[in-house]
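Encoded as structure tokens, the structure appears first; notes follow it.
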Amino acid sequence: DEMVFNAKEFTKQGINVPVLIGGATTSKMHTAAKIAPCYKNNQIVHVLDASRAVVVVSSLLDSKGNLEYVQDIKDEYEELRAKYYEGLVDKVYYPLAKARQRKLRVDWTLAAITKPRAMGVTYFRDYDLAQLVDYISWDPFFHTWQMRGKYPNRGYPKIFNDKACGEQARELFDKAQAMLAKIVDDKLLTARAAIAFYPCNTVGDDIELYDEADGKTVIAKLFTLRQQQETENGVYLALSDYVAPKDSGLTDYIGMFACSAGFGQDELIKQFEGDHDDFSIIMLKALADRLAEALAEKLHEDVRKDYWGYSPDEDLSKKELVYVKYRGIRPAPGYPSQPDHTEKKTMWTLMNVADEVGIELTENLAMEPASSVSGLYFAHPAA
1 DEMVFNAKEF TKQGINVPVL IGGATTSKMH TAAKIAPCYK NNQIVHVLDA SRAVVVVSSL
61 LDSKGNLEYV QDIKDEYEEL RAKYYEGLVD KVYYPLAKAR QRKLRVDWTL AAITKPRAMG
121 VTYFRDYDLA QLVDYISWDP FFHTWQMRGK YPNRGYPKIF NDKACGEQAR ELFDKAQAML
181 AKIVDDKLLT ARAAIAFYPC NTVGDDIELY DEADGKTVIA KLFTLRQQQE TENGVYLALS
241 DYVAPKDSGL TDYIGMFACS AGFGQDELIK QFEGDHDDFS IIMLKALADR LAEALAEKLH
301 EDVRKDYWGY SPDEDLSKKE LVYVKYRGIR PAPGYPSQPD HTEKKTMWTL MNVADEVGIE
361 LTENLAMEPA SSVSGLYFAH PAA
């Protein structure tokens with residue numbers, strides 16, 4: 001775990017500054033149980049999103065309230081650690097060999113495998129932002145600003161009816177709409193993407209990708225991880241279960257993508273910084289993130305209906321898309337079903353993402369621009 005490693009290094013090198021932990025794959029529980037114990041020189045704080053960072057830093061720097069604020073965090077994290085380790089007592093983990101014996105069983109003689117219509121890589125240099133607006137999921141936007149309505153007014157648009165935050169949410173949404181319209185109309189941000197499809201098969205828990213020309217030469221491997229924690233149904237999944245095994249004699253297919261709506265963001269942030277406009281900086285980042293996720297959603301729809309074409313007659317509402325009522329999945333590296341970020345290196349090499357799209361991987365395998373999304377495409381109905 002890179003964050004745990006860095007926390008240990010900070011301690012070892014005598015670094016004595018507050019450390020803020022944030023990002024889509026982080027959590028307060030993980031920060032309290034895994035990272036905080038490795039850094040004793042100062043306080044580690046989990047920050048849900050960028051909009052909260054200013055408040056947290058101000059509290060840490062407040063000479064009058066600092067001690068009380070830090071102690072509150074320490075007490076809370078101590079409680080979270082206790083809860084975490086209590087939970088481990090009840091968990092049962094199976095040996096990998098046993099988990100593999102209980103993998104998902106698929107009758108591949110009944111499989112209806114669709115060959116993608118657009119094999120290889122397809123690039124999108126300037127995706128029309130106007131096409132993405134209707135695909136924006138607004139719930140995460142309000143979460144960024146720490147706005148969560150109470151039942152029955154949770155989520156967009158019901159949050160506007162919430163007595164506690166409804167009026168504030170509406171005001172924020174209106175400001176977001178104004179900035180979004182300007183971004184789209186004036187083309188202040190640029191959206192780019194790459195999608196690709198390859199013949200493949202599984203060998204054990206690994207997925208072999210083949211050269212399109214002969215469908216046999218291995219050009220890359222993806223390494224999936226199988227569940228080992230006890231499950232209710234006794235089935236232990238890995239993403240490889242959704243791809244035909246090599247010994248089935250079938251040729252299956254897998255897709256991948258990388259997309260971003262963050263090109264042009266740095267220049268705009270510099271303008272806002274010059275005006276000391278922190279609100280617009282946070283709003284811009286929040287909208288760029290929403291547009292990137294919307295691009296991932298729109299591309300996946302295009303993949304299902306056209307580029308791969310395994311659901312050509314799909315006709316789902318935007319709400320049904322949000323609730324994932326379609327066939328197939330697009331798991332992202334770093335998330336539970338595909339936790340290994342190093343898989344991005346394989347994807348970036350195959351699609352030549354850095355050169356052709358402009359999304360770079362940092363040494364810790366974060367994506368730049370930050371408003372970027374990547375993942376794999378699986379088409380099997382059971383996925």
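Note that the UniProt record's numbering numbers the sequence shown so that position 313 is 313, with each residue one more than the last. Glycine included, each C-beta is placed from N, C-alpha and C at the ideal position.
Distance from the CA of arginine 52 to the CA of aspartate 174, rounded to the nearest whole angstrom, comes to 21 Å. Between arginine 327 and histidine 300, the C-beta gap is not smaller than 8 Å, which leaves the two residues out of contact. Take the alpha-carbon of methionine 367 and the one of alanine 24: they are about 12 Å apart. Here lysine 115 has Tyr253 as same chain residues with Cβ atoms under 7 Å from its own Cβ, once five neighbours each way along the sequence are excluded. The bridge partners DSSP lists for glycine 262 come to none. Residue environment: glutamate 68 is assigned as exposed (fewer than 16 neighbouring CB atoms within 10 Å of its CB, all protein chains considered).
The DSSP assignment places complete beta strand (DSSP E) segments of no fewer than 3 residues inside the stretch 196–227 at 206–210, 218–223, in order along the chain. Proline 157 and valine 54 have their C-alpha atoms spaced approximately 27 Å apart. Straight-line measurement puts the Cα of lysine 246 at about 20 Å from the Cα of methionine 119.
Per DSSP, reduced to three states, the secondary structure at valine 235 is coil, with no helix or strand assignment. Here the alpha carbon of valine 357 sits roughly 8 Å from the alpha carbon of phenylalanine 124. Taking 8 Å as the cut-off, the Cβ atoms of glycine 264 and alanine 370 do not count as close.
Valine 70 is not a Cβ neighbour of isoleucine 44, given a cutoff of 8 Å. If you ignore the 5 residues before and after aspartate 266, its C-beta comes within less than 8 Å of the C-beta of Pro369, all in its own chain and listed in chain order. In this structure, proline 333 lies away from serine 372, with their beta-carbon atoms at least 8 Å apart. Aspartate 139 is positioned such that its CB atom lies closer than 8 Å to that of glycine 155.
DSSP places valine 322 in the uninterrupted alpha helix (DSSP H) bounded by 318–322. Under DSSP, tyrosine 335 takes part in a beta bridge, and its partners are Gln338. Sequence-distant Cβ neighbours of leucine 80 in its own chain, meaning closer than 6 Å and more than five residues away, are Met29, Ala32. The stretch 281–300 makes no contact with the stretch 156–170, as fewer than three CB pairs between them are under 8 Å. Under DSSP, threonine 122 forms a beta bridge with Ile195.
DSSP places tyrosine 377 inside the beta strand (DSSP E), whose first and last residues are 372–377. For valine 4, the uninterrupted alpha helix (DSSP H) segment begins and ends at 2–12. According to DSSP, aspartate 139 shares a beta bridge with no other residue.
When DSSP reads this structure, aspartate 252 sits in a beta bridge with Cys200. Nearest to proline 199 by C-alpha distance, out of Asn6, Gly215, Glu2, is Gly215.
In the structure shown, the three-state DSSP call for valine 19 is strand.
In the displayed model, methionine 367 falls within a strand according to three-state DSSP. Of all C-beta pairs linking the stretch 217–225 to the stretch 130–138, fewer than three are shorter than 8 Å, placing the two stretches out of contact. The stretch 219–233 makes no contact with the stretch 178–190; the number of CB pairs closer than 8 Å stays below 3. Residue environment analysis places phenylalanine 5 among the exposed positions, since fewer than 16 neighbouring C-beta atoms fall within 10 angstroms of its C-beta. Comparing C-alpha distances from glutamate 167 to each of Ala181, Phe142, Gln338, Lys305 shows the shortest one belongs to Phe142.
When the alpha-carbon of threonine 362 is set against those of Met351, Leu350, Lys270, Lys345, the nearest one is in Lys345. One alpha carbon belongs to glycine 255, the other to glycine 22, and they sit about 29 Å apart. For isoleucine 183, the enclosing alpha helix (DSSP H) has its first and last residue at 166–185.
For phenylalanine 279, the number of other beta carbons within 10 angstroms of its own is below 16, and it is reported as exposed.
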